[in-house]
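Residue numbers (the working numbering), protein chains in the order written: chain A, 8 to 278; chain B, 6 to 332.
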């Protein structure tokens, strides 16, 4: 039932026409939207980090003794790796969310509005930082509950999380580009997993690469995830692995420089 | 200066690969009217709308919204229009209020003004009690109403509605129609696409019939109907078995061709001279054929479509697929 005709007429006739939001404000509003989605759909985050969390528990208690002599020692080694694993998987969500918007028509509505076109991308990336921080808190909280103790203290943990978030935000561009290219959110997710699995497993997340065959070591050593894990491991255990940190920051910068212009171009031209 | 048309296009065309989605369309839409874009799936309706809403660049030809070129002055056009897509383009993971506040903030309202505007709109669109629920839990009709509310958070001059009632039940349809009429009563111009001939008939001041990217007819609903003949006679028989006999009687009495439809008890005929209808019915009675129902009226838009295009107003699956892919 539609409301009485006069209420309808009044609402329709409201003539106020403010000046549309500028680029910064529009970005802020889209960031707010991304944060609201974390609030309303918490199960999405939970689903995504379930795999890394299960791996942490299973690897620690099943293989910890065999791999590192004791479960507690293995957890000290594994947890920074899990942190990277979890947050890198969560980045997929940026692409899934954008692809959902493209399909639903929300994307078209935003693009036909008098606002800075890239604000949706910028705002989503900003809001997704909240998602990365939350995923980090869950992994570290779980680790602490299992007995993980960061020797680097709160500062070391914060520095590691900050580095992981910087890298994750750069990787997000890849999924945004994918989200604008493939046909459905599920396709983004599938393609993303297929791409991410080798990157996370063929790295130093779970084991010391020294025990792997030479050809695999060669890949592991150029895998950015390896360097990110080494940097996070160092920072959380109280050292400053400067060359690894610089490696990660450089890799992040390269990703953004390559992907951001491509993505924004595709975003503006998509018809 | 002469007042601008709300929408004007000149030889507007767009191809996607080898498919000519829109093959040269000229339109002139008066401000404050409802203009209906009628055609089957894949006819080029959505592509035309997307060009007018600055989402797709025309290949050739030009288009203006209130005198502003949709390519050269895209930013200005975006301030004047709003687009509601084919599938309710609201955000499922947010509440009704949040959806409207989001758009109001983007369009420049303060937080407080955005909230009050959202509440007013929800009340007007009979969603006041559902504003704090996630849109995911809304029915199709509720989504559509929220979608329409979203498109007038700041009242645009021109509203584009792509198939606003596709998939809605009859009651929700008539609610959406009421909202569209209220918009136009306030001076907004509405360009809507539809596959429903009765929707175009009910709502639109003028209708453009579009088929395979081309405009094949344009006019008021009355003009379009009149263009296919003076009237149509429908006769329904009690006994379907006697239809051919009845058809012969009618053909004889009216001097015209009588069509047998898919419905086994129904006869239809294009009547040039309505004066002869009563005697034709008398002839049926004398022949002992019982008539349960008859109607003499203007042809339906369905019949108009058929006579204009030579094929019924049905989706062309190949073209529909292409357009969807392109979109």
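Glycine is no exception: its CB is placed at the ideal position from the N, C-alpha and C atoms.
Spatially closest choice to residue i from the options, by CA coordinates
i: residue 30 of chain B; options: B:24, B:11 and B:52; result: B:52
i: residue 147 of chain B; options: B:92, B:194, B:298 and B:219; result: B:92
i: residue 236 of chain A; options: A:64, A:59 and A:88; result: A:88
i: residue 109 of chain B; options: A:204, A:227 and A:32; result: A:32
i: residue 312 of chain B; options: B:280, B:275, B:287 and B:286; result: B:275
i: residue 26 of chain A; options: A:120, A:221 and A:269; result: A:120
i: residue 150 of chain B; options: B:170, B:253 and B:159; result: B:170
i: residue 272 of chain A; options: A:77, A:188, A:220 and A:143; result: A:188
i: residue 216 of chain B; options: B:25, B:167 and B:8; result: B:25
i: residue 253 of chain B; options: B:121, B:285 and B:231; result: B:285
i: residue 220 of chain B; options: B:179, B:126 and B:310; result: B:310
i: residue 34 of chain B; options: B:128, B:223 and B:145; result: B:223
i: residue 43 of chain A; options: A:17, A:122, A:104 and A:63; result: A:104
Straight-line gap, residue i to residue j (C-alpha atoms, nearest Å)
i: residue 289 of chain B; j: residue 244 of chain B; result: 13 Å
i: residue 36 of chain A; j: residue 68 of chain A; result: 44 Å
i: residue 17 of chain B; j: residue 113 of chain A; result: 26 Å
i: residue 98 of chain B; j: residue 142 of chain B; result: 10 Å
i: residue 47 of chain A; j: residue 139 of chain B; result: 8 Å
i: residue 173 of chain A; j: residue 10 of chain B; result: 51 Å
i: residue 72 of chain A; j: residue 244 of chain A; result: 20 Å
i: residue 51 of chain A; j: residue 300 of chain B; result: 58 Å
i: residue 24 of chain A; j: residue 43 of chain B; result: 32 Å
i: residue 294 of chain B; j: residue 287 of chain B; result: 10 Å
i: residue 252 of chain A; j: residue 238 of chain A; result: 6 Å
i: residue 32 of chain B; j: residue 143 of chain A; result: 56 Å
i: residue 336 of chain B; j: residue 258 of chain B; result: Residue 336 of chain B cannot be examined here, being either before or after the span of chain B that is shown, 6 to 332.
i: residue 92 of chain A; j: residue 55 of chain B; result: 41 Å
i: residue 15 of chain A; j: residue 123 of chain B; result: 13 Å
i: residue 210 of chain A; j: residue 230 of chain A; result: 7 Å
i: residue 168 of chain B; j: residue 185 of chain A; result: 29 Å
i: residue 213 of chain B; j: residue 69 of chain B; result: 17 Å
i: residue 38 of chain B; j: residue 191 of chain B; result: 10 Å
i: residue 280 of chain B; j: residue 269 of chain B; result: 27 Å
Residue i in three-state terms, based on DSSP
i: residue 172 of chain B; result: coil
i: residue 313 of chain B; result: helix
i: residue 129 of chain A; result: helix
i: residue 65 of chain B; result: strand
i: residue 235 of chain A; result: helix
i: residue 158 of chain B; result: coil
i: residue 264 of chain B; result: strand
i: residue 100 of chain B; result: strand
i: residue 62 of chain A; result: helix
i: residue 179 of chain B; result: helix
i: residue 122 of chain A; result: coil
i: residue 78 of chain B; result: coil
i: residue 134 of chain B; result: helix
i: residue 204 of chain B; result: helix
Short CB-CB distance (under 8 Å) between residue i and chain B
i: residue 19 of chain A; result: yes
i: residue 49 of chain A; result: no
i: residue 248 of chain A; result: no
i: residue 192 of chain A; result: no
i: residue 135 of chain A; result: no
i: residue 36 of chain A; result: yes
i: residue 121 of chain A; result: yes
i: residue 101 of chain A; result: no
i: residue 138 of chain A; result: no
i: residue 111 of chain A; result: yes
Beta-ladder partner(s) of residue i, from DSSP
i: residue 41 of chain B; result: B:197 and B:212
i: residue 275 of chain B; result: B:237
i: residue 165 of chain B; result: B:88 and B:196
i: residue 19 of chain B; result: B:27
i: residue 302 of chain B; result: B:237
i: residue 12 of chain B; result: B:34 and B:70
i: residue 223 of chain B; result: B:213
i: residue 279 of chain A; result: This structure cannot speak to residue 279 of chain A, because chain A is shown only from 8 to 278.
i: residue 242 of chain B; result: B:296
i: residue 139 of chain B; result: B:100
Test: residue i CB closer than 8 Å to a CB of chain A
i: residue 114 of chain B; result: yes
i: residue 91 of chain B; result: yes
i: residue 191 of chain B; result: yes
i: residue 94 of chain B; result: yes
i: residue 111 of chain B; result: yes
i: residue 126 of chain B; result: yes
i: residue 163 of chain B; result: no
i: residue 139 of chain B; result: yes
Please list, in chain order, the residues of the segment 43-76 of chain A that have any C-beta partner in chain E closer than 7 Å.
Absence of chain E from the displayed structure is noted, the protein chains being A and B.
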